[in-house]
Structure formats: structure tokens, C-alpha cells
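Student:
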Amino acid sequence: MLFKKLATVLSLTILLSSLLMSHLSEAAPVWIDVRSALEHIEDNIEGDIRITHTQVIAKVSQLFPDKNTEIILYCRSGIRAEIALKALNKKGYTNVSNAGGIQDARKQRSITQ
Numbered sequence: 352m353l354f355k356k357l358a359t360v361l362s363l364t365i366l367l368s369s370l371l372m373s374h375l376s377e378a379a380p381v382w383i384d385v386r387s388a389l390e391h392i393e394d395n396i397e398g399d400i401r402i403t404h405t406q407v408i409a410k411v412s413q414l415f416p417d418k419n420t421e422i423i424l425y426c427r428s429g430i431r432a433e434i435a436l437k438a439l440n441k442k443g444y445t446n447v448s449n450a451g452g453i454q455d456a457r458k459q460r461s462i463t464q
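Here the sequence shown stands for residues 352 to 464, numbered as in this note's numbering.
1. For residue 440, report the span of its alpha helix (DSSP H) as first-last.
2. In its own chain, which residues sit with a C-beta less than 7 Å from the C-beta of residue 421, not counting the 5 before and 5 after it?
3. Let me check understanding here. Comparing Cα to Cα, which of 456, 426, 439, 396 lies closest to residue 413?
4. By the DSSP assignment, the alpha helix (DSSP H) with residue 402 in it spans what residues?
5. Work out the CA separation of residue 457 and residue 431 for me, nearest whole Å.
6. Count the other CB atoms, across all protein chains shown, that sit within 10 Å of the CB of residue 435; report buried if there are 16 or more and exposed otherwise.
7. Does any residue of chain C bring its CB to less than 9 Å from the CB of residue 406?
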């Protein structure tokens with residue numbers, strides 16, 4: 352009887368763990384604007400995080416310690432986003448991409464200004 356209850360609890364635990372992992376793997380990507388504070392004030396996408404490309408390693412590792420987190424970077428033209436992407440890859444982040452410029456980021460998400 353006790354063994355049967357433990358088996359049921361274990362089965363439920365495995366099922367819940369599986370569901371949780373499935374949900375986490377479908378989490379929305381993190382969009383990061385790597386432009387300067389002034390550029391961000393002039394134009395930004397509401398809800399996106401702003402981290403200057405020179406600070407991206409320190410801040411991302413603090414905010415997103417899971418190196419498999421999906422991170423999408425953008426700046427004005429894509430150049431600083433590419434610098435930040437390479438720095439994050441070098442630190443072991445495996446799911447990082449460069450969306451290009453802010454207008455490209457808007458287009459990819461069908462956001463109108």
C-alpha cells in the first residue's frame with residue numbers, strides 16, 4: 352500500500368517536472384536594446400531591457416544566469432548588437448541572436464511605432 356502511494360507521488364512529480372520544463376523551454380525570448388541611454392530615451396520598444404553593449408556581460412550574467420536563455424539583441428544598425436553577441440557567446444551563452452537595428456526588431460515582432 353505504501354509502495355503504491357509512493358509510486359503515485361513519484362509519477363505525479365515526474366509529470367509536473369516534465370510540464371514545468373516544457374513551459375520553461377517555451378518562455379518568451381529576452382529582447383535587449385544595447386544602445387546608449389540617450390538613444391533609448393529618444394526611441395525605444397516598450398518593455399525591452401536596455402543594457403549598453405559594453406555592460407552586457409556583467410548585467411546579463413546577473414539577470415539571466417541560465418546560459419541557455421533565449422536572448423535577442425539589437426542596437427541602431429546591428430554592429431553593437433554583434434559585438435555584444437560575440438561577448439556573450441564567449442562567456443558561454445548559447446542561445447543569443449542579433450536582430451540588427453531597432454527597426455528590424457520592430458519588424459520581426461510586427462510592432463508599429
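Beta carbons: idealized from backbone N, C-alpha and C, even for Gly.
Tutor: Taking the structure as given:
1. In the DSSP assignment, residue 440 falls within the unbroken alpha helix (DSSP H) covering 430–441.
2. The residues are 380, 381, 446.
3. Restricting attention to 456, 426, 439, 396, the CA atom closest to the CA of residue 413 is found in 439.
4. For residue 402, there is no enclosing alpha helix (DSSP H), since its DSSP letter is neither H nor E.
5. Distance between the alpha carbons of residue 431 and residue 457 is about 17 Å.
6. Counting Cβ neighbours within 10 Å, residue 435 comes out buried, since at least 16 surround it.
7. Of the protein chains in this structure there is only one, and it is not chain C.
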